[in-house]
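If you read the sequence shown in our numbering, its first letter stands for residue 332, the second for the next number, and so on.
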Amino acid sequence: MAAPPGPSLARDTGREMSRENVDLVRLSYWLLEDLREGTPGTLERSFRDCFDEAVEVRIPDAYPEGAQVFRGREGLQRWVASTKEIWDEWRFERERFFDAGDQVLVFVRVLARGGSSGVSLDRKTAHLWTLRRRRVTRCEVFLDRSEALEAVGLEERSSSAHPVLRRGA
332 MAAPPGPSLA
342 RDTGREMSRE
352 NVDLVRLSYW
362 LLEDLREGTP
372 GTLERSFRDC
382 FDEAVEVRIP
392 DAYPEGAQVF
402 RGREGLQRWV
412 ASTKEIWDEW
422 RFERERFFDA
432 GDQVLVFVRV
442 LARGGSSGVS
452 LDRKTAHLWT
462 LRRRRVTRCE
472 VFLDRSEALE
482 AVGLEERSSS
492 AHPVLRRGA
């Protein structure tokens, strides 16, 4: 599946920049899907249009492989290769985006099926994306969505399933 066109770069207000950050994160998911599929030219496009050269993908210690940090182009390639090695199918269903200024929190449902084992995975997680100068610099995976909300200053009200901002963003 080919990634959609990149976000526009001509924005000047804070609100538009935040919207642009969310659009950039949406593009990141498309590019990660294309990388997993082996779409030609995707790695180059990913770093041209989206990712900082020193991007980090941080996997929590609760994962079977333990805590890991994948950095830069080689790291991103290693992360994609590791998912392909273990999982025949691997996809993210983006459920909800939270704009937090220079960060974007995404509630994600991870769906996967193991290659040799056939084991299925259906897990609700959160990804916290950090952006600087219109580039993704970091993606941190949280297995506990409430911890991810807390990390960006959001909290869930007990009477509502909708998170609310505790700080100005």
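A virtual CB, placed ideally from N, CA and C, is assigned to each residue, including glycine.
Cβ shell of residue i (< 7 Å), same chain only, five flanking positions each side left out
i      : result
Val353 : Phe428, Asp430 and Val435
Arg409 : Phe401
Trp418 : Ala443, Arg444, Gly445 and Gly446
Arg425 : Tyr360, Val437 and Val439
Neighbourhood of residue i by C-beta, 6 Å cutoff - its chain only, sequence neighbours within 5 removed
i      : result
Val400 : Glu387 and Arg389
Ser451 : Arg444
Ser359 : Cys381 and Val467
Buried versus exposed, by CB contacts within 10 Å (16 or more), residue i
i      : result
Ser477 : exposed
Ala398 : exposed
Arg469 : buried
Leu447 : The amino acid at residue 447 is misidentified as Leu; the sequence shows Ser. When all chains shown are included, Ser447 counts as exposed.
Residues near residue i in its chain [Cβ-Cβ closer than 8 Å; skip 5 each side]
i      : result
Leu407 : Leu366, Leu374, Ser377, Phe382, Val386, Val388 and Phe401
Ala393 : Leu474
Gly403 : Glu384, Ala385 and Val386
Pro371 : none
C-beta atoms of residue i and residue j nearer than 7 Å
i      : j      : result
Phe423 : Val439 : yes
Arg454 : Val441 : yes
Leu459 : Ala482 : yes
Residues sharing a beta bridge with residue i, DSSP
i      : result
Leu363 : Answer is none; Leu363 lacks a bridge partner.
Trp421 : Ala443
Val437 : Phe428 and His458
Asp453 : Leu442
Phe401 : Val388
Glu416 : Answer is none; Glu416 lacks a bridge partner.
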